[in-house]
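Each residue of the sequence shown is one higher than the last, beginning at 508 in this note's numbering. What follows is one structure encoded as structure tokens, with my remarks underneath.
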Amino acid sequence: MTPHDTPDWRRQVFDVLKAAGVKHIAYVPDAGHATALRLAEADPDINAVVLTTEEEGIGYLAGAWLGGERGALLMQSSGVGNCINTLGLVAMARFPFLTVVTMRGDWAEFNQHQNPMGQATEAALKLMGVMTWRADHAADVAPLLKGAATMAFEGDGACAVLLGQRLIGEKAWVQ
Numbered sequence: 508m509t510p511h512d513t514p515d516w517r518r519q520v521f522d523v524l525k526a527a528g529v530k531h532i533a534y535v536p537d538a539g540h541a542t543a544l545r546l547a548e549a550d551p552d553i554n555a556v557v558l559t560t561e562e563e564g565i566g567y568l569a570g571a572w573l574g575g576e577r578g579a580l581l582m583q584s585s586g587v588g589n590c591i592n593t594l595g596l597v598a599m600a601r602f603p604f605l606t607v608v609t610m611r612g613d614w615a616e617f618n619q620h621q622n623p624m625g626q627a628t629e630a631a632l633k634l635m636g637v638m639t640w641r642a643d644h645a646a647d648v649a650p651l652l653k654g655a656a657t658m659a660f661e662g663d664g665a666c667a668v669l670l671g672q673r674l675i676g677e678k679a680w681v682q
């Protein structure tokens with residue numbers, strides 16, 4: 508596959524969520540999700556909600572589901588740590604939960620403070636009953652996210668797709 512053949516995974520995140528009937532995207536701003544967030548904010552059929560902290564998104568998505576609508580939480584791996592206690596609501600209420608997580612503290616991380624949570628993200632989600640899949644290649648993003656959306660919304664599952672730093676690209680310290 509040449510670089511020109513590489514799927515635009517950033518756009519595909521939005522396209523898959525839209526095709527899955529997602530009407531609410533809750534997020535804390537993140538460069539890795541920037542394309543999907545811009546598209547969501549511009550789409551009149553989607554309510555893009557900026558959060559002050561990631562765990563607010565879980566309660567918001569529970570409310571959206573109770574109102575008969577689907578939602579997804581877009582966050583960075585550091586935000587997973589903020590959600591651990593609130594993921595208990597997902598486990599106890601058993602409502603569909605879908606999150607897309609951009610990874611930090613992963614391959615080629617320059618900020619050592621991102622490493623602890625980045626290395627614990629997948630295990631933490633699994634300990635809270637969230638099924639996880641990891642995309643490190645552009646071609647994997649759409650099929651993994653589509654499958655996770657199906658398991659969440661049709662199977663009342665708690666699902667996360669982790670977007671690895673090899674996919675996102677190496678970050679550089681800018682002074």
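Virtual Cβ for every residue (Gly too), placed ideally from N, Cα, C.
| Query | Result |
| --- | --- |
| Could you please give me the residues that DSSP links to L580 through a beta bridge? | A533, T606 |
| Express the C-alpha separation of K653 and G586 in angstroms, rounding to a whole number. | 22 Å |
| Output the boundary residues of the alpha helix (DSSP H) element that contains N592. | No alpha helix (DSSP H) contains N592, which DSSP labels as neither H nor E. |
| Taking only runs that begin and end inside the region 604-643, name each unbroken beta strand (DSSP E) of 3 or more residues, in chain order. | 604-609, 638-642 |
| So which of K633, N589, V597, L581 has the shortest CA-CA distance to P536? | L581 |
| Along the chain, where does the alpha helix (DSSP H) containing A526 start, and where does it finish? | 516-526 |
| So, is Q619 buried or exposed, given that buried needs 16 or more other C-beta atoms within 10 angstroms? | exposed |
| Since L669 sits in a beta bridge, which residues does DSSP pair it with? | V608, R641 |
| Look at H644 and L669 and say whether their C-beta atoms are less than 9 Å apart. | no |
| Touching or not, the region 607-618 and the region 555-571, by the rule of three or more beta carbon pairs under 8 Å? | no |
| Alpha carbon to alpha carbon, what distance is there between I553 and P510? | Low local confidence applies: a pLDDT of 47 at P510 is under 50, so the model's placement there is unreliable, with the coordinate-based value given in what follows. Near 31 Å, if we compare the C-alpha coordinates of I553 and P510. |
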